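Residue numbers (the working numbering): 594 to 1167. Even for Gly, the Cβ is constructed at its ideal location relative to N, Cα and C. This structure is a prediction, so every number in the text was calculated from the model and none was measured. Since the structure comes first, as structure tokens, the remarks are kept for the end.
Written as structure tokens, this is what we have:
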């Protein structure tokens, strides 16, 4: 990792101090921001990445002409929008690890369309599965991408707002790697609080009433498996966490509400960071929302070891403030794996966090869990299934099938290399191929990845259950109290049927996945019509929503499809 000193600047001060000649130069820059997505995964098309939105906003604020587009990646190749933009000087691509093998074709397509433009790769979003050009090996990753992609002119490592604007001014910093070498000027970062609001909030790229937002960057936890705490730092002295004060964040949310946004997906890896003050910030956040009478539906990420510090009154306050979806990364239901990952929470803490979140029936709770990891043995696999069954989560097909994703150059890559489960091969941006300590576990992992591809009905049902949990939670949002009154007994029937289906699948999947431990290639849930279950769940949702059939204005604050990444949907590996 670079040992240069991290310098933080205030963006507003920086923008105001630009010289007339610099402004004139920036006004001549026409930037086209490209977001490549897999066309078969419609979920990725729902929102643009926050990191790209911030870049667009910052560049627009200093005078650049800014446009954005999606580039679709399919089995037949790369498809750019039919209409080319005129006068593009720079193409800024948001690379995705899930489509890294398609980057050469994508870059070639843009080079053909815009032969005179500079092509730049920015760092990818603070988002699961996708962080790419950051972390302790970001220099090596940048060089490798330039070697693989000779038509790319520049690669920006780490948070890229200052690096990109400096590049546009002809003053590349050390955070910029080019085909002719590294920039020479001092790197710097803009504080998150000083950056202009995400470009998406202006309605340029948003869809519907949903938006991703970010209150903070980074993570204070030292988990070795997770990309957030590592890839967010490309310089040793860079801040582990940088955030917007709660009051300022509420002000931003109020402006989003005025623009018509209601569903707020806060992508911070842990909303209750930083440190001891984090939970007080969470309470302050909820109190201010209620005080200002702001109506939203929030999705937040919280850590299990902090959830157990919340009392019932805290959870009631959160629900009153509009928190509907809570994501907590349990990661494993077995202690030796948690120790390997250097997780703070124990299995018992994880269990207690689940109980606390579930017992009041307020929230749609999503508990991240990785079933397959290099160190997983058959005995550990069985123990993890038993843990999930004990918290009524074996129904979650993702929790039963998720694989640990190891990013090249991260600490867990070093761990499994030292354990002989991966090679310290040449630079290989993206995910690391690893071996399983237990060959049987490797066979089970391969089997379930095949199931994801060959039997999409499992994930269709899984997503419908999560959609239903979202709907259930949002009907309990105070902003939707009038709809809950209209739904009346329909809601009780819906909730009862949903709980029964989850209990049924909790037992069914437990038994099916346990049998794979004895025979990875054996029959799986023979005689079970999962597609029929999915259709039944779809009908249950439709029946609940019939209360709105006669309304002139249909509800816009109740339903939002549950997002799935390409990895979730299609699996990973051969």
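{"Item": "DSSP three-state label for residue 828, please.", "Value": "strand"}
{"Item": "When DSSP builds the beta bridges, which residues end up paired with residue 894?", "Value": "920"}
{"Item": "Would you kindly check if the distance between the Cβ of residue 891 and the Cβ of residue 857 is under 9 Å?", "Value": "yes"}
{"Item": "Which same chain residues, not among the five before or five after residue 1061, have their C-beta less than 8 Å away from its C-beta?", "Value": "1087, 1091, 1130, 1133, 1134"}
{"Item": "Which term fits residue 700, buried or exposed, when burial requires 16 or more other beta carbons within 10 angstroms of its beta carbon?", "Value": "buried"}
{"Item": "On the three-state DSSP scale, how would you describe residue 1111?", "Value": "helix"}
{"Item": "In the structure shown, what three-state DSSP assignment does residue 1005 receive?", "Value": "helix"}
{"Item": "What's the gap between the Cα of residue 888 and the Cα of residue 947?", "Value": "26 Å"}
{"Item": "So, with DSSP's three-state summary, where would you put residue 1168?", "Value": "A question about residue 1168 goes unanswered here, because the residues of the chain that appear run from 594 up to 1167."}
{"Item": "What first and last residue would you give for the beta strand (DSSP E) that runs through residue 805?", "Value": "803-806"}
{"Item": "Here's the rule I'm using: 16 or more other beta-carbon atoms within 10 Å means buried, otherwise exposed. How should residue 721 be labelled?", "Value": "Any answer about residue 721 is weak, because its pLDDT of 49 lies below 50 and its placement is not dependable; what the coordinates show is given next. Buried, by the Cβ-count rule."}
{"Item": "Whose C-alpha, out of 941, 968, 960, 839, is nearest the C-alpha of residue 895?", "Value": "960"}
{"Item": "In the DSSP assignment, what residue or residues form a beta bridge with residue 957?", "Value": "918"}
{"Item": "Taking the Cβ atom as the reference point for each residue, do residue 981 and residue 922 lie within a distance shorter than 9 Å?", "Value": "no"}
{"Item": "What are the start and end residues of the alpha helix (DSSP H) that includes residue 712?", "Value": "No alpha helix (DSSP H) contains residue 712, which is instead part of the beta strand (DSSP E) from 711-714."}
{"Item": "Would you tell me roughly how many angstroms separate the C-alpha atoms of residue 958 and residue 978, rounded to the nearest one?", "Value": "18 Å"}
{"Item": "Which one of 631, 735, 670 has the shortest CA to CA distance from residue 547?", "Value": "Residue numbering for the chain in the displayed model covers 594 to 1167; residue 547 lies beyond these limits and cannot be assessed."}
{"Item": "Is residue 642 near the ligand GTP, with its Cβ less than 8 Å from a heavy atom?", "Value": "No copy of the ligand GTP appears in this structure; indeed no ligand is present at all."}
{"Item": "To the nearest angstrom, how far is it from the Cα of residue 988 to the Cα of residue 1040?", "Value": "18 Å"}
{"Item": "With a CB to CB cut of under 7 Å and the five nearest residues on each side skipped, what residues in its chain are close to residue 606?", "Value": "none"}
{"Item": "Tell me which same chain residues have a C-beta within less than 6 Å of the C-beta of residue 1058, skipping the five on either side of it?", "Value": "none"}
{"Item": "Please list the terminal residues of the continuous alpha helix (DSSP H) segment that includes residue 769.", "Value": "Not the alpha helix (DSSP H): residue 769 falls in the beta strand (DSSP E), residues 769-771."}
{"Item": "Quick check on this structure: which residue in 731, 704, 709, 706 has the alpha carbon closest to the alpha carbon of residue 715?", "Value": "731"}
{"Item": "Could you please give the first and the last residue of the uninterrupted beta strand (DSSP E) stretch that includes residue 835?", "Value": "834-836"}
{"Item": "Who are the near neighbours of residue 794 in its chain, counting only those whose CB is closer than 7 Å to its CB and skipping five residues on each side?", "Value": "Caution is warranted here: a pLDDT of 47 is assigned to residue 794, below 50, making its placement in the model unreliable, and no coordinate value can be reported."}
{"Item": "On the three-state DSSP scale, how would you describe residue 643?", "Value": "helix"}
{"Item": "So the candidates are 773, 611, 729; which of them puts its Cα closest to the Cα of residue 740?", "Value": "773"}
{"Item": "When the distance is taken between beta carbons, is residue 930 closer than 9 Å to residue 966?", "Value": "yes"}
{"Item": "With residue 626 and residue 685 assumed to form a contact (beta carbons below 8 Å), what rounded beta-carbon distance in angstroms separates them?", "Value": "5 Å"}
{"Item": "In this structure, does DSSP put residue 721 in helix, strand or coil?", "Value": "Here residue 721 scores only 49 on pLDDT, less than 50, and its place in the model should not be relied on; the value that follows carries that caveat. Coil at residue 721, not helix or strand."}
{"Item": "Here's a check: name, in chain order, each residue in its chain whose Cβ is nearer than 8 Å to the Cβ of residue 1083, leaving out the five neighbours to either side.", "Value": "1136, 1137, 1139, 1140"}
{"Item": "Check for me: the alpha helix (DSSP H) holding residue 1061 runs from which residue to which?", "Value": "1050-1068"}
{"Item": "CA-CA distance, residue 1095 and residue 754?", "Value": "45 Å"}
{"Item": "Considering only DSSP beta bridges, list what residue 1000 is partnered with.", "Value": "1024"}
{"Item": "From residue 1056 to residue 599, what distance separates their C-alpha atoms?", "Value": "42 Å"}
{"Item": "Looking at the structure shown, is residue 875 part of a helix, part of a strand, or coil, going by DSSP?", "Value": "helix"}
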